[in-house]
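Asks:
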Amino acid sequence: MHIFAIANQKGGVAKTTTAVNLAAALTASGQRTLLVDLDPQGNATMGCGIDKRGLKSSVYQVLLKLGTLADARVMSPSGKFDVLPANRDLAGAEVELVDLDMRETRLKEALAAHEADYDFVLIDCPPSLSMLTLNGLCAAHGVIIPMQCEYYALEGLSDLVNTIKKVHANLNRDLKIIGLLRVMYDPRNTLSTQVSAQLEQHFGDKVFKTLVPRNVRLAEAPSYGVPGVLFDKAAKGAQAYMAFAVEMIDRVNSWKDES
Ligand code: ADP
Ligand code: MG
Numbered sequence: 002m003h004i005f006a007i008a009n010q011k012g013g014v015a016k017t018t019t020a021v022n023l024a025a026a027l028t029a030s031g032q033r034t035l036l037v038d039l040d041p042q043g044n045a046t047m048g049c050g051i052d053k054r055g056l057k058s059s060v061y062q063v064l065l066k067l068g069t070l071a072d073a074r075v076m077s078p079s080g081k082f083d084v085l086p087a088n089r090d091l092a093g094a095e096v097e098l099v100d101l102d103m104r105e106t107r108l109k110e111a112l113a114a115h116e117a118d119y120d121f122v123l124i125d126c127p128p129s130l131s132m133l134t135l136n137g138l139c140a141a142h143g144v145i146i147p148m149q150c151e152y153y154a155l156e157g158l159s160d161l162v163n164t165i166k167k168v169h170a171n172l173n174r175d176l177k178i179i180g181l182l183r184v185m186y187d188p189r190n191t192l193s194t195q196v197s198a199q200l201e202q203h204f205g206d207k208v209f210k211t212l213v214p215r216n217v218r219l220a221e222a223p224s225y226g227v228p229g230v231l232f233d234k235a236a237k238g239a240q241a242y243m244a245f246a247v248e249m250i251d252r253v254n255s256w257k258d259e260s
């Protein structure tokens with residue numbers, strides 16, 4: 002079971018789009034996948050076709066040990082993968098966890114009981130470096146960082162990298178940055194191509210080969226509760242996320258070969 006957190010403390014950089022589409026693409030490629038929604042906005046939950054207002058249980062109950070993951074998970078009717086859903090309740094977890102012990106490793110603990118159920122677990126983190134994101138980073142083996150190729154893209158990156166280093170040093174020795182995923186890419190925009198080249202220069206093979214283009218079909222899909230890769234399979238954005246799933250599968254297989 003490979004656990005990846007999709008994190009960037011900036012909002013609107015396609016964390017949720019990446020989480021939902023990678024989950025659907027991995028599933029379409031035969032991988033048993035769980036998507037964990039760690040954002041109180043519940044966008045990943047809704048984008049998978051699950052009504053966040055009608056949940057019996059959610060990731061909130063799991064983090065506070067009021068319920069189990071087995072009780073809370075729901076299958077995405079469109080994507081056919083499991084989702085540990087979220088809604089507004091989760092906003093309270095931030096405060097409620099503060100006084101509890103092992104507060105950073107609650108998600109890790111919950112996932113450990115399901116080691117045999119999944120090949121991939123993807124965690125959609127909220128746009129902050131909060132206790133929720135910390136739970137995501139403590140549970141994960143690696144971080145996938147979606148980035149827009151714009152002038153300010155690199156600015157917040159050092160904060161995220163420092164947080165990942167701290168978590169690695171103090172809480173989770175397994176954690177590493179898997180890679181930077183360039184999203185909403187526009188090849189006709191000079192700045193976009195410049196920043197993209199800069200990323201390759203600085204981060205080398207930490208930059209995924211797959212480039213996700215700006216594609217309106219990916220933005221339309223969530224309102225139908227269908228992952229973009231299934232909503233319009235022929236669209237450029239869908240094809241990019243399918244290619245990204247292949248790249249991720251190759252990546253984890255190459256680790257097997259090394260060990
Ligand atoms: P985050 O989870 O980081 O806040 P989202 O995944 O919600 O970001 O994406 C922010 C907005 O950008 C959403 O409206 C989403 O539909 C849109 N979006 C994401 N990726 C693309 C893309 N490749 N092309 C066009 N729109 C996109
Ligand atoms: Mg999001």
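Residues 2 to 260 (my numbering) are what the sequence shown spells out, left to right.
Backbone N, C-alpha and C fix where the C-beta goes; we use that ideal spot for every residue, glycine too.
1. Between the beta-carbon of residue 180 and the beta-carbon of residue 216, is there less than 8 Å?
2. In the DSSP assignment, find the unbroken beta strand (DSSP E) run with residue 185 in it and report its ends.
3. Over what stretch of residues does the beta strand (DSSP E) that includes residue 34 continue unbroken?
4. Quick check on residue 121: does DSSP put it in helix, strand or coil?
5. By the three-class DSSP mapping on this structure, what secondary structure does residue 250 have?
6. Quick check on residue 203: does DSSP put it in helix, strand or coil?
7. Measuring CB atoms only, is the region 167-179 touching the region 24-35, in the sense that at least three cross pairs come out at less than 8 Å?
8. Could you check the C-alpha separation between residue 120 and residue 28 for me, to the nearest Å?
9. Should residue 17 be counted as a contact of the ligand MG given a C-beta to heavy atom distance under 7 Å?
10. Which term fits residue 261, buried or exposed, when burial requires 16 or more other beta carbons within 10 angstroms of its beta carbon?
11. What is the DSSP secondary structure of residue 83, counted as helix, strand or coil?
12. Identify, in the order they occur along the chain, each residue of the same chain with its Cβ nearer than 6 Å to the Cβ of residue 25, setting aside the five sequence neighbours on each side.
13. Just curious, the alpha helix (DSSP H) that residue 210 is in, first and last residue?
14. Measure the CB-CB distance between residue 165 and residue 182 and report whether it falls below 8 Å.
Replies: Let's see:
1. no
2. 177-186
3. 34-38
4. strand
5. helix
6. helix
7. Contact fails: fewer than three Cβ-Cβ distances are below 8 Å.
8. 10 Å
9. yes
10. Not covered by the structure: residue 261. The range shown for the chain is 2 to 260.
11. strand
12. 80, 228, 230 and 231
13. Not the alpha helix (DSSP H): residue 210 falls in the beta strand (DSSP E), residues 208-214.
14. In this structure, residue 182 does not lie closer than 8 Å to residue 165 by Cβ.
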